[in-house]
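With the numbering used here, the residue at position 256 of the sequence shown is 480, and numbering never jumps. For glycine and all other residues, C-beta sits at the position ideal for the given N, C-alpha and C. Values in this document were obtained by computation on a predicted structure and should not be read as measured data. A short write-up of the structure that comes next.
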Amino acid sequence: MAHLARMTSSPAPAPVQKPGFVEFVCLVAALMAMNALAIDSMLPALPHIGADLGVQTANGVQWVVTAYLLGFGAAQLVYGPLADRYGRKPVLMIGVGIYVVFSLLATLAPTFDALIAARIGQGLGSAATRVLVVSIVRDRYSGRDMARVMSLSFLVFLGVPILAPSVGALIMQFGPWRWIFGVLMAFGLSVMLWAMIRLPETLHPEYRQPIRMGRILSGFREAVTNRVSLGYTLAMGALMGGLFGFINSAEQIFSDVFHARAAFPLVFAAIAGGIAIASLLNARLVGKLGSRLISHTALIGFIVIGAVHAAVAMAGFENIWTFGILQAMTMFCFGLMAGNFGSMAMEPMGHIAGTASSAQGFLSTIMGSLAGFAVGQQFNGSTVPMMVGITGYGLLALAVVLYAEKGRLFRSHHLPPVQATA
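Structure (structure tokens):
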């Protein structure tokens, strides 16, 4: 009895924190991978989708990509405030659930219009992962631990776009294009169940904030009127226009220009690898050289390489080798800019980081989606429209960066947060 009394009076063991570090990193990476898979895995299937659903023009099938991006961009405005009010986990579950449901609807879509509606729904759902992953990591870790989690997760995130077209092509070796959406649904459902079972709520109850439309609108207004925030957000939108223009046109270029559809996944992987290598290199150099020196130099390189590539295409010298090499160099420059532009846009927004991030993500993604669609719609059987578009968007990005920096590039920036408005 005494032994039993000692057992019952002993304090209960501390609960095991779940998930552990390795599992948490894998879960975060899986959430981040959902978006890249939803964009790139279906690129090899676009001609088959157009043929099966009666799309009248080859360029019209590009709506499969653009519709998703528009939904993804628009929903970023709402997930942040909802997660601050109701917690990270329930909002994340709703978002991933929406993604799963609309993936199923895409699998069953009887018409092209139904497929486009389902793709918008997929984007609306997956936007939750973009907005909430960083918040969840920040809730649970800080300092070097947070940086370690994000770095390890980002390696997976960078690898997915490289492999996604190959995944889509592999799926189509065993079944029709609809199976790609079925795989996306199964992957989303698996991640949802994993997070539901293993991911605890990370937002402490005392940190929850009521939804006040006045405060949210005030934050949005500040984010889009501050010179630095607006300038780098618009620059990022312009660069994303070039990226999405490439994604929209890529399959048609390999099929209709180079007649090398089988080589598409491999060359696309090499080109996307330029972004991954640049992102990893930037992480090592940014502390020494500064984000402005690196990104402004890369922006000049982006424009110069784009102009050279456009000239090569106009002169009739374009082939699969020139395209792959020059486009990989262009995407390498993009990789040196993307993260830096995002962080510089946030520099003066620390006091409203969540709201500003939602506003900036909405503006840059919607702008990039529409700009990229405009480039894709100009495809005429050559790479000229795409390269002219990429070069033009690079020049636009340079113009708004000059606006943000008051006409001076490359300078180090150790000033207090800028309060100037547009």
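For the alpha helix (DSSP H) that contains T426, what are its first and last residues?
-> Reading the sequence shown from its first residue, position 202 is the one you call residue 426. That residue, T426, is in no alpha helix (DSSP H); it is neither H nor E in DSSP.
Just curious, the alpha helix (DSSP H) that A569 is in, first and last residue?
-> By 1-based counting over the sequence shown, the position of residue 569 is 345. A569 -> alpha helix (DSSP H) spans I544 to M570.
Beta carbon of V481, beta carbon of G605: below 8 Å?
-> Here residue 481 refers to the residue found at position 257 when the sequence shown is read from its first residue. Here residue 605 refers to the residue found at position 381 when the sequence shown is read from its first residue. Result yes, Cβ atoms of V481 and G605 sit closer than 8 Å.
Kindly indicate the opening and closing residues of the alpha helix (DSSP H) around H272.
-> For the purposes of this step, residue 272 is identified with residue 48 of the sequence shown, where counting begins at 1. In the DSSP assignment, H272 falls within the alpha helix (DSSP H) that extends over L270 to D276.
Take every Cβ of the segment 482 to 499, pair it with every Cβ of the segment 427 to 435, and state whether three or more of those distances are shorter than 8 Å.
-> The segment 482 to 499 is not in contact with the segment 427 to 435.
Write down every uninterrupted run of the alpha helix (DSSP H) in the segment 307 to 375 whose length is 4 residues or greater and which is fully enclosed by it, in chain order.
-> Listed in chain order, the complete alpha helix (DSSP H) runs (minimum 4 residues) inside the segment 307 to 375 are 312 to 332 and 336 to 364.
Using 10 angstroms around the beta-carbon of D337, count the other beta-carbons present and answer buried if the total reaches 16, otherwise exposed.
-> Working through the sequence shown from its first residue, we reach residue 337 at position 113. A residue is called buried when at least 16 other Cβ atoms come within 10 angstroms of its Cβ; D337 does not meet this threshold and is exposed.
Sequence-distant residues of the same chain with beta carbon closer than 7 Å to P385, five excluded per side = Reading the sequence shown from its first residue, position 161 is the one you call residue 385. Excluding sequence neighbours, P385 sits near A260, D264 and A496.
Buried/exposed call for P429, threshold 16 Cβ in 10 Å | Position 205 of the sequence shown, counted from the first residue, corresponds to residue 429. Exposed, by the Cβ-count rule.
G596 vs A500 beta-carbon contact at 8 Å | Start at 1 with the first residue of the sequence shown, and residue 596 comes out as number 372. Start at 1 with the first residue of the sequence shown, and residue 500 comes out as number 276. The beta carbons of G596 and A500 sit no closer together than 8 Å.
Rounded C-alpha distance that separates S515 from L560 | As a first step, residue 515 must be located in the sequence shown, where it is residue number 291. As a first step, residue 560 must be located in the sequence shown, where it is residue number 336. Taking the straight line joining both Cα atoms gives about 9 Å.
Residue burial classification, Q476 (beta-carbon count within 10 angstroms, cutoff 16) | The residue you call residue 476 lines up with position 252 of the sequence shown. It is buried - the Cβ of Q476 has at least 16 other Cβ atoms within 10 Å.
Among S453, F411 and N543, the one whose alpha carbon lies nearest that of L626 = Translated into positions along the sequence shown, residue 626 becomes position 402. Measuring from the Cα of L626, the nearest candidate turns out to be S453.
Buried or exposed: where does A502 fall if 16 or more other Cβ atoms within 10 Å of its Cβ makes it buried?
-> Here the question's residue 502 lines up with position 278 in the sequence shown. Its Cβ being crowded by 16 or more others within 10 Å, A502 is buried.
Among E247, G347, V358 and M409, which one has its Cα closest to the Cα of L294?
-> In the sequence shown, counting from the first residue as 1, residue 294 sits at position 70. Distances from the CA of L294 to each of E247, G347, V358 and M409 were compared; the closest alpha carbon is that of G347.
Kindly list the residues whose CB is nearer than 7 Å to the CB of F444, restricted to its own chain and excluding five residues on each side of it in sequence; keep chain order.
-> For the purposes of this step, residue 444 is identified with residue 220 of the sequence shown, where counting begins at 1. By the criterion of a C-beta distance shorter than 7 Å, F444 is surrounded in its chain by T579 and A583, once the five residues flanking it on both sides are discounted.
With DSSP as the reference, label R508 as helix, strand or coil.
-> Residue numbering aside, residue 508 sits at position 284 when the sequence shown is read from its first letter. It is helical.
Kindly indicate the opening and closing residues of the alpha helix (DSSP H) around I263.
-> Here the question's residue 263 lines up with position 39 in the sequence shown. It spans F245 to D264 - the alpha helix (DSSP H) in which I263 sits, taken as one unbroken run.
Residues in its own chain within less than 6 Å of T331 by CB, not counting five upstream and five downstream?
-> Counting from one through the sequence shown, the residue named residue 331 turns up at place 107. Closer than 6 Å at Cβ, skipping near neighbours: R402, F405 and G406.
Can at least three beta-carbon pairs, one atom from the segment 417 to 431 and one from the segment 277 to 289, be found at a separation below 8 Å?
-> In short, these stretches do not touch, since the Cβ pair count stays below three.
Cβ contact (3+ pairs, closer than 8 Å) linking the segment 298 to 315 and the segment 244 to 260 | Verdict: no, contact absent.
Residue environment, M570, which counts as buried when at least 16 other CB atoms sit within 10 Å | Translated into positions along the sequence shown, residue 570 becomes position 346. By the neighbour-count rule (16 or more Cβ atoms within 10 Å), M570 is buried.
Are the segment 341 to 357 and the segment 295 to 304 touching, with three or more C-beta to C-beta distances below 8 Å?
-> Between the segment 341 to 357 and the segment 295 to 304 there are three or more C-beta pairs closer than 8 Å, enough to call the two in contact.
Can you list, in chain order, the residues of its chain whose CB lies under 7 Å from that of S567, leaving out five sequence neighbours each side?
-> Looking up residue 567 in the sequence shown gives position 343. When the five nearest sequence neighbours on each side are left out, the beta carbons in the same chain lying within less than 7 Å of the beta carbon of S567 are those of S515, in order along the chain.
Quick one: is the Cβ of A342 within less than 7 Å of any heavy atom of the ligand GTP?
-> The ligand GTP is absent from the structure shown, which contains no ligand whatsoever.
Do F603 and P473 come within 8 Å of each other at the CB atom, strictly closer than that value?
-> Along the sequence shown, read from residue 1 onward, the residue named residue 473 stands at position 249. Along the sequence shown, read from residue 1 onward, the residue named residue 603 stands at position 379. Residue 473 is actually Ser in this sequence, not Pro. Contact: yes.
Tell me whether the beta-carbon of I529 lies closer than 8 Å to the beta-carbon of T546.
-> As a position in the sequence shown, residue 529 is number 305, starting the count at 1. As a position in the sequence shown, residue 546 is number 322, starting the count at 1. Contact flag unset, no.
If H483 and M611 are in contact, beta carbons under 8 Å, what's the gap, nearest whole angstrom?
-> Position 259 of the sequence shown, counting from 1, holds the residue named residue 483. Position 387 of the sequence shown, counting from 1, holds the residue named residue 611. At roughly 19 Å, the Cβ-Cβ gap does not stay under 8 Å, so H483 and M611 are not in contact.
Anticipated Cβ contact below 8 Å, M409 with V324, distance rounded = Translated into the one-based positions of the sequence shown, residue 409 becomes position 185. Translated into the one-based positions of the sequence shown, residue 324 becomes position 100. With 8 Å as the limit, M409 and V324 qualify as a contact, their Cβ atoms being about 6 Å apart.
What is the residue span of the alpha helix (DSSP H) that M538 lies within?
-> What you label residue 538 is simply residue 314 of the sequence shown in a count that begins at 1. Taken as a continuous stretch (DSSP letters only), the alpha helix (DSSP H) holding M538 covers S515 to M538.
Where T281 sits in the DSSP three-state scheme = By one-based count along the sequence shown, residue 281 stands at place 57. In the three-state reduction of the DSSP assignment, T281 falls in the coil class.
Taking the C-alpha atoms as reference points, what is the distance between L417 and D363?
-> Position 193 of the sequence shown, counted from the start, is the residue given in the question as residue 417. Position 139 of the sequence shown, counted from the start, is the residue given in the question as residue 363. Taking the straight line from one Cα to the other gives about 21 Å.
Just reading off the alpha helix (DSSP H) that T615 is part of, what are its end residues?
-> Against the sequence shown, residue 615 aligns to sequence position 391. For T615, the enclosing alpha helix (DSSP H) has its first and last residue at V608 to A628.
Neighbourhood of G274 by C-beta distance below 6 Å, restricted to the same chain and skipping five residues each side = What you label residue 274 is simply residue 50 of the sequence shown in a count that begins at 1. The answer, listed in chain order, is V285.
Going by the beta-carbon positions, is the gap between L523 and G618 smaller than 8 Å?
-> The count along the sequence shown starts at 1 and reaches residue 523 at position 299. The count along the sequence shown starts at 1 and reaches residue 618 at position 394. With a cutoff of 8 Å on beta-carbon distance, L523 and G618 are scored as near each other.
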